[in-house]
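There are 2 protein chains.
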Amino acid sequence: MKPYVIGIDMGGTNTVFGIVDARGNVIASSSIKTAKHSNINDYIDELYVEANRIIVANDAVDKIHGIGIGAPNANYYTGMIEDGVNLPWPTPIPLADLVSQKFGIPVAITNDANAAAIGEMTYGAARGLKDFIMITLGTGVGSGIVINGQLVYGHDGYAGELGHVIVKRTNGRICGCGRTGCLETYCSATGVARTAREFLDIRKEPSLLRNMPIDEITSKDVYDAAITGDALAKEIFEYTGNILGEALADFVTFSSPEAFILFGGLTKAGDLIMKPVKNALDKNILGIYKGKVRVLLSELKESDAAVLGASALGWEVKPV
Amino acid sequence: MKPYVIGIDMGGTNTVFGIVDARGNVIASSSIKTAKHSNINDYIDELYVEANRIIVANDAVDKIHGIGIGAPNANYYTGMIEDGVNLPWPTPIPLADLVSQKFGIPVAITNDANAAAIGEMTYGAARGLKDFIMITLGTGVGSGIVINGQLVYGHDGYAGELGHVIVKRTNGRICGCGRTGCLETYCSATGVARTAREFLDIRKEPSLLRNMPIDEITSKDVYDAAITGDALAKEIFEYTGNILGEALADFVTFSSPEAFILFGGLTKAGDLIMKPVKNALDKNILGIYKGKVRVLLSELKESDAAVLGASALGWEVKPV
């Protein structure tokens with residue numbers, strides 16, 4: 001097997017990519033602006049030129065086993081970005097074909113959370129685990145489910161949207177998906193900010209969070225207040241962690257994973273969020289699973305994680 | 001491959017078993033009393049004598065590929081019944097070893113709902129499906145999850161307990177598992193009877209169900225009333241189906257199945273339950289899955305289903 005893979009993390013604004021070895025070292029990386037090109041072929045051309053530059057500079061020509069791409073709504077089965085997403089080109093986009101034809105290297109694509117799960121299994125906290133669930137806590141809540149060592153794609157390629165499990169059936173928060181009460185409206189970074197605004201509105205006690213414009217409060221502000229001991233801010237994390245832990249307990253009944261791996265901005269809150277998550281999981285879990293399921297933090301450096309996750313998919317492609 | 005398997009459905013009262021061919025025909029069947037023997041070895045001995053009688057009578061000696069057993073809390077990985085269950089012997093019971101040593105035939109075991117899923121995939125409504133979820137609606141609610149053509153056992157062998165997903169976080173019904181609000185407290189046959197008692201207690205309108213002692217009402221009584229047009233009885237099924245459909249919509253976000261297969265006593269209510277299930281699924285499902293997931297009824301005859309389900313596992317055993 002060739003010694004390197006390329007991981008490409010394609011976002012609406014930037015596309016970051018890197019050459020990665022089998023131990024998860026990012027040998028070299030670079031990026032281009034996604035939104036700069038109104039024509040997808042111009043984008044692919046620039047991606048190729050810039051990636052090839054680092055390939056040549058690092059003596060990696062003919063040493064790339066495969067290319068993995070993490071992209072919004074990317075379908076592993078079809079190699080397409082099928083749905084309307086925040087990208088400057090009309091969908092469906094035959095992304096895997098376009099990139100593999102340009103590079104002459106086999107390509108696999110999936111969404112970011114699935115890529116994160118494969119990355120964690122290949123290089124991170126899930127090494128050696130065959131049954132685990134990755135939960136990404138960022139702007140939204142994403143998930144990648146691994147069963148028996150294999151990522152779950154489902155019959156259509158879109159399995160693992162656990163951020164859209166309904167956690168409040170009545171008076172739930174409005175979600176970007178058009179429904180109400182989804183997990184991600186509570187347990188994402190934006191969910192924490194929404195909780196802060198709700199709490200500040202309903203409750204009367206003093207809080208450092210009252211010193212800033214209520215509509216500008218971010219999860220980072222809540223964290224900053226909580227670590228100085230602000231009681232209301234700490235309660236916001238407890239509320240968030242409790243909802244997440246309850247949801248995780250339900251997820252266990254599905255695939256009986258040995259661990260959850262949490263990743264993303266919210267996990268920086270450390271014990272402020274992890275303790276209530278673990279407590280609620282333990283309190284709500286069905287008896288036969290009790291004490292069997294660990295909650296772990298991602299072991300991938302956040303700055304590299306997206307590229308590493310995507311790159312891990314590059315090991316799974318079949319040679320053309 | 002040898003032409004037959006044996007399926008054994010082990011219940012607390014009776015153990016039913018049969019010889020099954022590759023097309024799902026039950027060539028011959030019989031049963032013994034489970035609870036008759038206080039010693040597990042006496043039970044295995046009688047099972048062997050009685051099964052061997054039908055094997056010989058049907059010219060099936062040396063023609064049995066494997067034995068599959070469906071039993072409460074049976075663990076596929078360990079071959080053991082590990083937990084306290086309604087059986088007359090101390091646990092753990094090394095059931096697979098005991099039976100395979102006695103019969104000289106390889107044995108695999110799992111719980112009833114998993115066996116039902118494999119049975120449906122081998123002989124029934126799930127033939128040709130690689131991603132589906134079996135939901136059994138009996139005294140409780142069980143489930144068997146198939147992803148990519150493989151049953152999901154989870155890291156400990158106990159995956160697929162969807163009857164214990166929490167559907168009511170506040171004021172939920174007490175469940176036999178010791179928690180509250182589990183799906184099976186609403187959507188099992190006993191759940192329907194509980195709903196009937198609740199509705200009759202709270203509501204004032206007339207109903208045929210008021211003609212019987214409230215504590216003796218069964219789901220069958222509710223069905224009988226509903227098909228004569230009793231509005232309250234029909235509403236009980238709508239309430240039940242709605243909760244189940246909401247839960248199924250959440251399950252889709254996990255494994256994106258192409259179908260749910262419903263099995264068990266409650267499905268006899270036909271459209272009374274199927275319509276609200278399908279409506280609630282359609283209404284609550286995340287956009288990307290809309291219109292992709294079918295809700296099907298089991299195609300296995302209920303009297304044979306447990307033996308057929310168990311037998312299907314018999315095809316999967318490796319020769320000793």
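Just so you know, the sequences run in chain order A and B. Be aware that the first sequence starts at 1, since it is given in our numbering, and climbs by one per residue. Be aware that the second sequence starts at 1, since it is given in our numbering, and climbs by one per residue. Backbone N, C-alpha and C define an ideal beta-carbon position, used for all residues, glycine too.
For residue i, the three-state DSSP class (helix, strand or coil)
i: Lys-33/A; result: strand
i: Leu-208/B; result: helix
i: Leu-137/B; result: strand
i: Tyr-77/B; result: coil
i: Val-252/B; result: helix
i: Val-167/B; result: coil
i: Asp-21/A; result: strand
i: Ala-125/A; result: coil
i: Thr-180/B; result: strand
i: Ile-93/A; result: strand
i: Ile-214/A; result: helix
i: Tyr-223/A; result: helix
i: Tyr-4/A; result: strand
i: Tyr-158/B; result: coil
i: Val-317/B; result: coil
i: Pro-276/B; result: helix
i: Ile-285/B; result: coil
i: Asp-304/B; result: helix
i: Leu-87/A; result: coil
i: Ser-100/B; result: helix
i: Gly-264/B; result: coil
i: Asn-39/A; result: coil
i: Thr-195/B; result: helix
Residue environment, residue i, which counts as buried when at least 16 other CB atoms sit within 10 Å
i: Ser-38/A; result: exposed
i: Glu-184/B; result: buried
i: Ala-161/B; result: The question names Ala, yet the displayed sequence has Glu at residue 161/B. So Glu-161/B ends up on the buried side.
i: Met-121/B; result: buried
i: Ser-219/A; result: buried
i: Glu-302/A; result: exposed
i: Ile-81/B; result: buried
i: Glu-205/A; result: exposed
i: Thr-240/A; result: buried
i: Asp-42/B; result: exposed
i: Ala-108/A; result: buried
i: Gly-128/A; result: exposed
i: Tyr-153/A; result: buried
Chain B contact residues for residue i, given Cβ-Cβ distances below 8 Å
i: Lys-130/A; result: His-155
i: Leu-162/A; result: Thr-253 and Phe-254
i: Ile-166/A; result: Glu-246, Ala-249, Asp-250 and Asn-284
i: Arg-127/A; result: Those within 8 Å of Arg-127/A in chain B number zero; the least Cβ separation is about 15 Å.
Identity of the residues DSSP links to residue i by a beta bridge
i: Ala-327/A; result: Residue 327/A lies beyond the stretch modelled for chain A, which goes from 1 to 320, so this question has no answer here.
i: Leu-151/A; result: Val-146/A
i: Met-10/A; result: Thr-15/A
i: Thr-190/B; result: Paired residues: none, contrary to the question.
i: Thr-240/A; result: Thr-240/A is not bridged to any residue.
i: Gly-70/B; result: Asp-9/B and Thr-110/B
i: Ile-174/A; result: Thr-180/A
i: Ala-28/A; result: Ile-19/A
i: Ile-64/B; result: Tyr-4/B
Cross-chain neighbours of residue i in chain A, by beta carbon under 9 Å
i: Glu-258/B; result: Gly-154, His-155 and Asp-156
Within chain A, the residues that residue i reaches when beta carbons sit closer than 7 Å
i: Gly-178/B; result: Gly-287
i: Ile-147/B; result: Ile-147 and Val-152
Option in the options with minimal Cα separation from residue i
i: Gly-11/A; options: Tyr-43/A, Thr-34/A, Gly-18/A and Arg-23/A; result: Thr-34/A
i: Leu-296/A; options: Gly-66/A, Val-277/A, Ser-100/A and Asn-284/A; result: Val-277/A
i: Ala-126/B; options: Gln-150/B, Leu-248/B, Pro-106/B and Gly-291/B; result: Gln-150/B
i: Gly-70/B; options: Gly-79/B, Lys-63/B, Ile-64/B and Asp-62/B; result: Gly-79/B
i: Gly-287/A; options: Glu-299/B, Val-293/B, Ala-159/B and Ser-303/B; result: Ala-159/B
i: Asn-58/A; options: Leu-98/A, Pro-94/A and Val-5/A; result: Val-5/A
i: Asn-75/A; options: Ile-54/A, Gly-140/A, Asn-114/A and Arg-53/A; result: Asn-114/A
i: Gly-142/A; options: Ile-273/A, Lys-234/A, Asp-112/A and Ile-285/A; result: Asp-112/A
i: Leu-300/B; options: Val-293/B, Leu-308/B and Arg-194/B; result: Leu-308/B
i: His-155/B; options: Gly-163/A, Lys-130/A and Thr-139/A; result: Lys-130/A
i: Thr-13/B; options: Phe-237/B, Gly-314/B, Asn-86/B and Pro-213/B; result: Asn-86/B
i: Gly-181/A; options: Glu-216/A, Glu-238/A and Ile-243/A; result: Ile-243/A
i: Arg-179/A; options: Ile-118/A, Val-167/A and Ala-189/A; result: Val-167/A
Residue-level contact to chain C via CB, residue i, 8 Å cutoff
i: Arg-294/A; result: The question asks about chain C, but that chain is absent: this structure's protein chains are A and B.
Residue i Cβ short of 7 Å to the ligand ZN heavy atom set
i: Thr-136/B; result: The ligand ZN is absent from the structure shown, which contains no ligands of any kind.
Chain B contact residues for residue i, given Cβ-Cβ distances below 9 Å
i: Ala-159/A; result: Asp-131, Ile-147, Val-252, Thr-253, Phe-254, Ser-255, Ser-256 and Pro-257
Neighbour list for residue i in chain A, Cβ cutoff strictly below 8 Å
i: Asp-83/B; result: Ile-288
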